[in-house]
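Residue numbers (the working numbering): 24 to 401.
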């Protein structure tokens with residue numbers, strides 16, 4: 024872990040190494056042949072614009088430890104000014120989530136919020152803090168690019184990954200504690216990766232979450248990282264609830280939002296020919312005769328499989344997928360009925376389906392062995 028962190032810190036420390044990583048990406052993403060060479064580098068082309076920006080990043084000088092400490096002090100002074108003003112943090116997070124502002128737009132919005140509330144000295148400290156954050160961020164942009172390139176190929180353009188990573192970098196700059204003694208890049212790596220992975224998760228979600236929920240999740244991640252660093256271990260649900268000033272049940276709800284939706288096409292066993300969870304549910308569009316036959320077969324199959332599960336897990340699957348009355352219940356509805364949290368219902372559902380997979384695979388193995396036994400008996 025330490026070796027990996029040190030490698031990440033020193034990655035792209037020279038322009039030669041930086042370009043050596045960026046140029047292969049450009050060639051793979053924007054392939055050229057001799058006839059297209061001139062046109063592809065024409066002003067305004069995607070390749071030209073991206074390459075120009077990536078190369079411009081190398082123009083920002085890397086900072087030494089002393090310079091990072093000085094910038095950290097200036098940022099801290101600005102944060103103290105904001106704390107003294109008690110700027111509404113919830114309103115700030117909501118503004119960011121709803122508007123996705125550029126850094127300059129966010130800066131202007133903050134200044135509008137505090138206009139007339141600062142004396143000249145405090146205003147100067149705030150401006151100095153924003154300039155310091157700009158400098159700290161710009162000096163570490165190549166770190167964002169180095170991490171973003173490692174996540175490419177997941178149906179999200181590199182440009183978008185870099186943008187998300189930049190937001191994580193800005194967040195790291197705002198929360199950097201220079202007193203800890205480590206380099207800023209060591210601290211920033213976590214925030215950059217977290218922002219990029221969050222972007223990939225949101226892109227892959229079949230259900231988009233409202234901005235206020237995303238805001239809660241981001242705050243949860245921030246507090247979680249802080250407590251991990253402070254406690255040198257993962258915080259408990261109770262510790263998270265205390266730090267967030269919410270109930271343990273609300274912590275469970277936030278955690279539940281991170282759970283992926285479960286597809287009805289999820290296979291119960293390995294291979295393309297495997298049955299799926301949806302195969303256990305009757306098709307209402309089938310014909311009357313086929314429906315009656317299917318109903319009898321499925322009823323027996325469902326009963327056989329469910330009988331192998333613990334009673335509570337049977338109830339969860341029956342309610343979740345409408346196996347008895349055809350009405351699917353939400354996690355909250357099932358949780359209310361069983362007097363447990365939604366996250367606990369999700370855990371029971373996942374556990375039950377895992378057991379169904381095992382049962383299905385065992386049944387397949389028995390069927391595959393049956394002909395062999397018959398042949399050996401003959």
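In this text, a Cβ means the ideal position worked out from N, Cα and C, and glycines have one as well.
These figures come from a predicted structure and were not determined experimentally.
Query, Result
"Cβ-based neighbour list, residue 264, same chain, cut-off 8 Å, excluding 5 preceding and 5 following", "270, 271, 273, 274"
"Short Cβ contact (8 Å threshold) for residue 339 with residue 366", "no"
"CB of residue 164 within 8 Å of CB of residue 83, strictly", "yes"
"Beta-carbon spacing of residue 187, residue 219 below 8 Å", "yes"
"Exposure of residue 189, with buried meaning 16 or more beta-carbon neighbours within 10 Å", "buried"
"Alpha-carbon to alpha-carbon, residue 149 and residue 95", "13 Å"
"Of the listed residues 361, 159, 151, nearest to residue 334 (C-alpha basis)", "361"
"Cβ-based neighbour list, residue 343, same chain, cut-off 7 Å, excluding 5 preceding and 5 following", "351, 352, 357, 372"
"Under the three-state DSSP convention, the category residue 332 falls into", "coil"
"For residue 222 and residue 179, believed in contact at Cβ under 8 Å, the rounded distance", "7 Å"
"Alpha helix (DSSP H) segments (min. 4 residues) lying fully within the stretch 244-281", "260-267, 271-280"
"Reduced DSSP secondary structure (H/G/I, E/B, other) of residue 127", "helix"
"CA-to-CA distance, residue 106 to residue 74, given in whole angstroms", "40 Å"
"Pair within 8 Å by beta-carbon distance, residue 88 and residue 203", "no"
"Reference residue 341; option with closest CA among 159, 224, 375", "375"
"For residue 362, three-class secondary structure by DSSP", "coil"
"Distance between beta carbons of residue 166 and residue 215, contact taken as under 8 Å", "7 Å"
"Outcome for residue 91 when other beta-carbon atoms lying within 10 angstroms are tallied against a minimum of 16", "buried"
"The alpha helix (DSSP H) enclosing residue 184, as first and last residue numbers", "181-198"
"Pair within 8 Å by beta-carbon distance, residue 262 and residue 250", "yes"
"Of the listed residues 364, 326, 349, 379, nearest to residue 411 (C-alpha basis)", "The chain is shown from 24 up to 401; residue 411 falls before or after that span and cannot be answered."
"N- and C-terminal bounds of the alpha helix (DSSP H) containing residue 148", "143-161"
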